[in-house]
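In the numbering used here, the protein residues as written are 1159 to 1519.
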Amino acid sequence: MGITQRISARQYAFVVFLFVVGDAMLYVPSWLASEAKQDAWLGAVLGWPEALLLAWLYMALTKRYPEATLVRLCRSVFGSWLGTAAGALFVSYFFVDTALMTMEIGDFLTTQIIPRTPIESIILLFLIAMVVGVRYGIETIVRLCELLLPWFIVLFATLLLFVWPQLDVANIRPVAGEGLLPIWTGNMKYFGVLMETVILVSLLPFVDRRDQAGKALLTGMLAGIAVLALLTAFAVLVIGPALAAMYAYPSYALAQKIRVGHFFERIEAVMAFAWFITVYVKTTVGFFATAYGLAELLKLKQYRPIVWPLAMIVFNMAIVFVPNRQYFDVFASRMWTPYSMTFGLFLPLLLFAAGKLRRRR
């Protein structure tokens, strides 16, 4: 398949930003607080040097093959058979991540907002919206990001503004009171989420100015990490490290704290729209990368014919693969980081090293 659609570096930065915030906006503060307690925000800040590492690796990886997608890159470096196998592993990772995020939107709505609605109905409606975006192509997805980004910024700023009076600095003291190990442990869970940005490598061939793509990738990642660090800090400062660790969705609990007088309160459902924006963008980009990569593996001329069948598989996987919230918490906290590290760090490093050796020959 040839690259027929193009996006600008600025649009790519917007996609990266919303992707990094993504589903992490709701549960990352809980992960960090459960390990680092009052130092949870430090675990999030450590994401900045990690973002530098990942951005450098991904750009260095694609520098020699600027027009190659991740599947083509694997074939160019490893050869036809081994490259196809490596490409299939990447696509399977994109698929699993998409299915997990689809489950998350259903779980959040059924546990927090509309508990009597069957989760299957929510997932199906979300998938339909996602499929529409993917079938229209990457240009439509990034233009939607441009439209939704201002709304996200307004909602996020509103959240921080209205909970500001409730900040309690005592909640983040003492700094590093239990040493650096809990901070590092919490950051490792967070790093597992950051490594999902390997999915964004699939969009690099669509960027019209490749000389600006690296800056766009790094800018979007750093801005997204800043949002997550702020959100984690506010969650700990307002509701405390113990409650931040206990809540499944501490940022939603943070929105429930908004009270201005006796008339401006209980607006958490409106604030949740900010998360709907980021998780929709992240899931849609992940699904696009899955469909496009699978079409390349199967050597199809178009990816669109497989979008609906693939969506039905995602629907079933979202329900069967993650049967309940407890299972998800155990899987995500214990297994996601090593699983994500395989595809977000180790395989890209292997590709980079193999490409270097191939070039020397």
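We put the beta carbon where it would ideally sit given N, CA and C, even for glycine.
> Based on the DSSP output, what are the partners of I1165 in its beta bridges?
Replying inline: V1365
> Given that a residue counts as buried once 16 or more other Cβ atoms are within 10 Å of its Cβ, and exposed if not, what is D1369?
Replying inline: exposed
>> Pairs of beta-carbons, one from the region 1492 to 1508 and one from the region 1344 to 1356, closer than 8 Å: are there three or more?
In response: yes
> For the alpha helix (DSSP H) that contains F1236, what are its first and last residues?
Replying inline: 1228 to 1236
> Who are the near neighbours of Y1294 in its chain, counting only those whose CB is closer than 6 Å to its CB and skipping five residues on each side?
Replying inline: none
> Terminal residues of the continuous alpha helix (DSSP H) containing G1205?
Replying inline: 1205 to 1220
> Skipping 5 residues on each side, what residues in its chain have a beta carbon closer than 6 Å to that of L1468?
Replying inline: A1449
> Out of curiosity, what's the CA-to-CA distance linking V1333 and I1165?
Replying inline: 43 Å
> Considering A1490, what are the terminal residues of the alpha helix (DSSP H) in which it resides?
Replying inline: 1483 to 1492
> Over what stretch of residues does the alpha helix (DSSP H) that includes R1301 continue unbroken?
Replying inline: 1296 to 1321
> Counting pairs of beta carbons, one from the region 1382 to 1390 and one from the region 1274 to 1287, are three or more of them closer than 8 Å?
Replying inline: no
> So what does DSSP say about E1426, is it helix, strand or coil?
Replying inline: helix
> Residues in its own chain within less than 6 Å of F1314 by CB, not counting five upstream and five downstream?
Replying inline: A1432
> The alpha helix (DSSP H) with I1341 in it runs from where to where?
Replying inline: 1339 to 1352
> Hey, how far is the Cα of S1192 from the Cα of I1341?
Replying inline: 10 Å
> From F1392 to A1430, what distance separates their C-alpha atoms?
Replying inline: 16 Å
>> With DSSP as the reference, identify every bridge partner of V1292, one or two as the case may be.
In response: In the DSSP output, where bridge partners are listed per residue, V1292 has none listed.
>> Using a 10 Å radius around the Cβ and a threshold of 16 neighbouring Cβ atoms, would you call S1238 buried or exposed?
In response: exposed
>> Taking the beta carbon of D1326 as the centre, do at least 16 other beta carbons fall within 10 Å, making it buried, or is it exposed?
In response: exposed
> Is the beta carbon of T1260 less than 8 Å from the beta carbon of T1442?
Replying inline: no
> What is the DSSP secondary structure of R1331, reduced to helix, strand or coil?
Replying inline: coil
> Skipping 5 residues on each side, what residues in its chain have a beta carbon closer than 7 Å to that of I1299?
Replying inline: G1291, T1442, V1443, F1446
> DSSP state of R1516, grouped into three classes?
Replying inline: helix
> Count the other CB atoms within 10 Å of the CB of A1287; is the residue buried (16 or more) or exposed (fewer)?
Replying inline: exposed
>> My output table needs one value for R1274: the three-state DSSP class, helix, strand or coil.
In response: coil
>> Measuring CB atoms only, is the region 1260 to 1270 touching the region 1400 to 1411, in the sense that at least three cross pairs come out at less than 8 Å?
In response: yes
> alpha helix (DSSP H) containing S1360: first to last residue?
Replying inline: Looking at the DSSP string, S1360 is not in any alpha helix (DSSP H), and its letter there is neither H nor E.
>> Mapping the DSSP letters down to three states, classify V1480 as helix, strand or coil.
In response: coil
> F1310: buried (16+ other C-beta within 10 angstroms of its C-beta) or exposed?
Replying inline: buried
>> Pull the bridge partners of V1418 from the DSSP assignment, please.
In response: F1422
> K1440 by DSSP, collapsed to three states: which one?
Replying inline: helix
> Considering only residues of the same chain and omitting the five flanking positions on each side of E1530, which have a CB-CB separation below 8 Å?
Replying inline: Here the chain has residues from 1159 to 1519 only, and residue 1530 is not among them.
> If you check the beta carbons only, do E1297 and Q1163 fall under 8 Å apart?
Replying inline: yes
> Can you give the beta carbon distance from T1513 to V1235, rounded, assuming they're within the 8 Å contact cut?
Replying inline: The amino acid at residue 1513 is misidentified as Thr; the sequence shows Gly. At roughly 5 Å, the Cβ-Cβ gap stays under 8 Å, so G1513 and V1235 are in contact.
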